[in-house]
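The C-terminal position of the sequence shown is numbered 195 in our numbering, with every residue numbered one higher than the one before it. Since the structure comes first, as structure tokens, the remarks are kept for the end.
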Amino acid sequence: MEVLIDSEKIQSRVAELAKMIERDYENRPLTLIGVMTGSMMLLADLARSIRIPARIAVIQAGSYKGAVTEAGALVINDAFVPEVAGRDVIILDDILDTGHTLSALVDLIAQRGPSSVKTLVLLRKTGRQVVAIDPDYIGFEIPNRFVIGYGLDFDDDYRHLPHVAVLPESSHD
Numbered sequence: 023m024e025v026l027i028d029s030e031k032i033q034s035r036v037a038e039l040a041k042m043i044e045r046d047y048e049n050r051p052l053t054l055i056g057v058m059t060g061s062m063m064l065l066a067d068l069a070r071s072i073r074i075p076a077r078i079a080v081i082q083a084g085s086y087k088g089a090v091t092e093a094g095a096l097v098i099n100d101a102f103v104p105e106v107a108g109r110d111v112i113i114l115d116d117i118l119d120t121g122h123t124l125s126a127l128v129d130l131i132a133q134r135g136p137s138s139v140k141t142l143v144l145l146r147k148t149g150r151q152v153v154a155i156d157p158d159y160i161g162f163e164i165p166n167r168f169v170i171g172y173g174l175d176f177d178d179d180y181r182h183l184p185h186v187a188v189l190p191e192s193s194h195d
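So this is what it looks like as structure tokens:
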């Protein structure tokens, strides 16, 4: 398995992103919303790294298995999202691939009256994006390869890995 981004690089970049967020949101009410399940490692590490108060919440978003459209039929469960009216919100996702999920989540959260909605992705995959959304914070740009680890999975496996690796093509064909 080819390691694309090792654990040390991830932790260093999370610390850099935390400093950017601290600078951008000093003395402002902030809510971090992690897209489950892929962003759980990122959400936990980032929340522990920032030195400003922030509410932490999760949202579930995914496609129906077997959906025939490229984007799938997106299903969002926002039952655990707290009140965000008047607060600044950052939506954290593991990977920006086509952009469908992140765009839909920004639209959903924006309807709830926050002061602002920004986005943070650990990974932005090149060559796959079809929806025009530009994350405000990006951990790493990666090539169009199937990646696992640090929250990213294949059939619910590999999330536990402390690094991001490329899954061999023979494993997911």
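All C-beta atoms, glycine included, are put in the ideal place defined by N, C-alpha and C.
Per-residue DSSP class, three states only, for residue i
| i | result |
| --- | --- |
| ILE170 | strand |
| ARG77 | strand |
| ILE72 | coil |
| ARG45 | helix |
| ARG109 | coil |
| THR148 | coil |
| ASP28 | coil |
| SER138 | strand |
| ASP199 | This structure cannot speak to residue 199, because the chain is shown only from 23 to 195. |
| THR120 | coil |
| LEU52 | strand |
Residue(s) in a DSSP beta bridge with residue i
| i | result |
| --- | --- |
| PHE176 | ASP179 |
| VAL128 | BP columns for VAL128 are empty, so no partner. |
| GLN82 | MET58, ASN99 |
| VAL36 | Paired residues: none, contrary to the question. |
| ASP115 | VAL143 |
| GLU163 | ARG146 |
Cβ separation of residue i and residue j, assumed to be a contact under 8 Å, to the nearest whole Å
| i | j | result |
| --- | --- | --- |
| LEU144 | LEU64 | 5 Å |
| ASP116 | SER137 | Between SER137 and ASP116 the Cβ distance is about 25 Å, and since that is not below 8 Å, they are no contact. |
| LEU127 | ILE113 | 5 Å |
Three Cβ pairs or more, each shorter than 8 Å: is that satisfied between the segment 141-158 and the segment 111-121?
yes
Mind the definition here: the segment 62-79 touches the segment 100-109 only if three or more C-beta pairs lie below 8 Å; say whether that holds.
yes
Counting pairs of beta carbons, one from the segment 48-61 and one from the segment 163-171, are three or more of them closer than 8 Å?
no
Count the CB pairs spanning the segment 173-180 and the segment 156-165 that are closer than 8 Å, and state whether there are at least three.
no
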